[in-house]
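Novice: Residue numbers (the working numbering), protein chains in the order written: chain W, 208 to 640; chain C, 32 to 293.
1. Report back the beta-carbon spacing between residue 552 of chain W and residue 212 of chain W to the nearest angstrom; my notes put them in contact at under 8 Å.
2. Compile a chain-ordered list of the residues in the region 298 to 329 of chain W whose CB is closer than 9 Å to at least one CB of chain C.
3. Report yes or no: is there a C-beta of chain C within less than 9 Å of the C-beta of residue 421 of chain W?
4. Taking Cβ-Cβ distances below 7 Å as the criterion, which residues of the region 460 to 476 of chain W are in contact with chain C?
5. Do you know offhand how far residue 163 of chain W's Cα is from residue 574 of chain W's?
6. Using a Cβ-Cβ distance cut-off of 9 Å, determine whether residue 220 of chain C contacts chain W.
7. How would you call residue 128 of chain C, buried or exposed, if buried means at least 16 neighbouring beta carbons within 10 angstroms?
8. In chain order, what residues of the same chain have a beta carbon less than 8 Å from the beta carbon of residue 330 of chain W, not counting five sequence neighbours either side?
9. 9 Å is my cut-off, CB to CB: does residue 77 of chain C come that close to chain W?
10. Could you give the first and the last residue of the continuous beta strand (DSSP E) run that contains residue 178 of chain C?
11. Just tell me which of C:163, C:242, C:229, C:278 has its CA closest to the CA of residue 255 of chain C.
12. Return the bridge partner residues of residue 186 of chain C from the DSSP annotation.
13. Could you work out which residue in W:541, W:513, W:318 is closest to residue 91 of chain C when comparing CA atoms only?
14. In the DSSP output, what is residue 409 of chain W paired with across the bridge?
15. For residue 250 of chain C, count the other beta carbons within 10 Å of its own beta carbon; 16 or more makes it buried, fewer makes it exposed. Which is it?
16. I need the straight-line Cα distance from residue 478 of chain W to residue 283 of chain W, nearest angstrom please.
17. Enumerated in chain order, which unbroken segments of the alpha helix (DSSP H) with a length of 4 residues or greater are wholly contained in the region 546 to 620 of chain W?
18. Please report how far the alpha carbon of residue 455 of chain W lies from the alpha carbon of residue 238 of chain W, in whole angstroms.
19. List the endpoints of the continuous beta strand (DSSP E) containing residue 384 of chain W.
20. List the whole-angstrom C-beta distance separating residue 241 of chain W from residue 603 of chain W, where the pair is believed to meet the contact cut-off of C-beta under 8 Å.
21. Within 9 Å of any Cβ in chain C, is that where the Cβ of residue 601 of chain W sits?
22. Return helix, strand or coil for residue 431 of chain W, following the three-state DSSP convention.
23. Between which residues of its own chain and residue 185 of chain C is the CB-CB distance below 6 Å, once the five residues before and five after are set aside?
24. Residue 219 of chain W to residue 516 of chain W, Cα distance in whole Å?
25. Using the Cα positions of residue 305 of chain W and residue 498 of chain W, report the straight-line distance between them to the nearest angstrom.
26. Closer than 9 Å, Cβ to Cβ, to anything on chain C: give me those residues from the region 368 to 388 of chain W, in chain order.
27. When the Cβ atoms of the region 178 to 198 of chain C are set against those of the region 361 to 374 of chain W, are three or more pairs found closer than 8 Å?
28. Closer than 7 Å by beta-carbon distance: list the chain C residues that pair up with residue 277 of chain W, in chain order.
29. How is the beta strand (DSSP E) around residue 239 of chain C delimited, first residue to last?
30. Against chain C, with Cβ distances strictly below 9 Å, would residue 274 of chain W count as a contact?
31. Throw me the rounded Cβ distance for the residue 646 of chain W and residue 145 of chain C pair, which I believe falls under 8 Å.
32. Please specify which runs of the beta strand (DSSP E), each continuous and at least 3 residues long, are wholly inside the region 253 to 287 of chain W, giving them in chain order.
33. Look up residue 109 of chain C in the DSSP assignment and give the residues it is bridged to.
34. Among the candidates W:280, W:535, W:391, whose CA atom is the shortest distance from the CA of residue 367 of chain W?
35. Nearest-angstrom Cα distance between residue 307 of chain W and residue 297 of chain W?
36. Are the C-beta of residue 478 of chain W and some C-beta of chain C separated by less than 9 Å?
Set out below in structure tokens:
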């Protein structure tokens with residue numbers, strides 16, 4: 208086998224121009240695939256980091272309370288009892304955040320925006336300090352009642368700065384109009400799509416706006432020690448809460464604010480809990496990652512076809528050039544299988560060497576792009592969830608890409624190799640190319 | 032002795048005051064309730080109602096939108112239906128109230144969505160109550176703010192507070208009622224926080240004889256609604272061609288609405 212490998216390598220080295228051309232093409236495709244994979248991984252990681260801080264835990268226990276069949280509020284009543292059940296049934300729990308939820312109109316002298324409102328106890332939200340980049344004001348001032356944190360784009364739309372007053376207008380769970388006057392204490396840099404419709408106010412202010420009791424909140428956001436435990440915890444929580452006598456909504460992998468219509472259509476009243484995962488809550492933005500993954504798939508498929516044609520063509524040329532050599536080798540006793548292996552190994556060596564170089568090239572390009580801190584336009588920021596391009600290397604994915612392309616180039620070489628192995632020694636030796 | 036007589040006199044005076052004051056307040060409250068009942072009664076038909084309406088919506092930085100629609104009402108079971116016919120994008124959309132549920136229909140998606148009765152109608156500043164029969168005396172407790180002038184009109188001012196366990200969009204309402212006709216000329220609605228949310232003006236009132244009521248039915252041909260939070264927003268409601276003849280029996284159904292939506 209080692210000898211066959213040597214023959215294959217020498218053959219590639221002998222036809223260096225052809226090898227370089229084809230190997231270069233394979234390397235470029237691999238590099239492109241690696242860059243796209245790193246972009247997708249970076250995007251997913253950024254979304255996870257931003258989303259799991261701004262609007263969702265790894266797992267959420269939230270729900271709706273309906274005073275009448277047509278009037279739902281995204282609240283969990285008597286939440287301390289629910290927390291007890293969670294703590295008993297989720298040993299994987301790292302920490303838990305109690306977050307108020309609302310949907311309201313924020314109005315300034317010059318404009319208005321409809322936003323989701325997060326009610327926070329800022330002293331218990333270390334994640335917000337890490338993720339939000341404050342441009343103006345102080346996030347710690349959210350500890351005072353009747354204050355608000357906005358994002359850049361919202362502040363621009365409302366034409367306000369730190370210290371200005373805004374009015375939040377929303378109906379209470381009973382449908383009665385209420386308002387709250389708040390002071391802008393911080394303006395954070397935009398965090399893509401998630402920051403366009405999220406603002407934060409103190410929990411006590413949210414309770415005052417919606418006339419909620421102290422033991423009522425919007426969502427219990429669970430952060431696990433290992434995010435991979437999400438599906439298991441999700442299933443176990445359903446059982447535990449059902450066992451504790453809570454009515455649960457059916458699994459519906461959507462963000463809570465996309466469920467109002469369906470919840471209002473249903474006839475029940477009272478409290479129903481809803482258990483969701485982080486990826487369900489941000490499903491409306493993860494489609495960008497899915498789209499990017501699909502684009503990567505289509506692009507890879509097209510480029511692989513081009514490479515396949517190239518590899519097959521090269522193998523045909525190689526076989527034709529070496530027909531007499533094949534005949535001689537067969538005549539001195541080389542088995543058909545070994546002839547087959549000789550050509551397959553040639554494709555394998557070419558594929559493995561080229562994809563490895565391509566992967567290294569891709570990683571280097573990503574490193575350079577990250578180091579350059581390339582600012583992206585606002586339209587792109589919406590989907591990237593960041594103001595700069597972030598690419599993140601995932602060794603397993605890169606290794607997968609290398610192996611996949613190598614496998615494809617090798618598999619494509621099987622057919623011409625098989626035909627070469629079937630050549631009769633006498634006719635091959637008499638072949639005049 | 033003189034002091035004793037003086038003290039007894041004061042005590043007697045206070046006793047009379049205590050006896051008289053509640054009786055006057057009670058009467059005042061009853062009079063106010065009576066006034067509210069009159070306001071309600073003038074706008075009630077005790078039968079069916081059909082009217083062509085126009086909603087002119089003005090919003091900041093947006094072009095004005097005029098909607099045309101028909102309001103159907105039935106007093107007997109408090110049914111209400113609003114079916115929009117113009118503009119083309121709103122054609123076939125509307126609302127249907129069945130019992131305590133307000134349903135919204137969009138023919139583009141073919142779905143009924145349950146809404147709160149206190150929601151804005153078609154995203155304008157108007158609410159369901161602006162098109163429905165007046166039920167002020169059932170929903171609110173009045174208090175007297177005295178007499179006043181509103182332009183050339185002599186008015187009686189009332190402040191209404193929502194009764195316990197009654198759900199309304201605005202828990203506090205101020206009314207300016209024409210002393211001569213008992214028609215509402217101006218109405219201000221406040222949020223729970225006490226903030227003024229909407230101001231409504233009723234510049235004119237018209238009456239029409241109702242056979243079902245066997246008396247006059249009053250309605251405002253024009254309602255001007257000003258959003259007091261988003262100051263630049265306002266809505267004008269025009270109510271035209273009011274028809275008080277009985278409607279078909281089964282029109283307040285989703286099936287009938289959908290058939291008209293097509």
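Backbone N, C-alpha and C define an ideal beta-carbon position, used for all residues, glycine too.
Specialist: The answer reads as follows:
1. 6 Å
2. 312, 314, 316, 317, 318, 319
3. no
4. 468, 471, 472
5. The structure shown does not extend to residue 163 of chain W, since chain W is modelled only from 208 through 640, so no value can be given for it.
6. yes
7. buried
8. 350
9. no
10. 171 to 181
11. C:229
12. C:179, C:209
13. W:318
14. W:327
15. buried
16. 7 Å
17. 585 to 591
18. 48 Å
19. 384 to 395
20. That pair is no contact at about 12 Å.
21. no
22. strand
23. 210
24. 18 Å
25. 33 Å
26. 374, 376, 378, 379, 381, 382, 383, 384, 385, 386, 387, 388
27. no
28. 132, 133, 145, 146, 147
29. 237 to 241
30. yes
31. Lying before the first or after the last residue shown, residue 646 of chain W is absent from chain W, which here runs from 208 to 640.
32. 266 to 275, 278 to 280
33. Per DSSP, none; premise fails for residue 109 of chain C.
34. W:391
35. 22 Å
36. no
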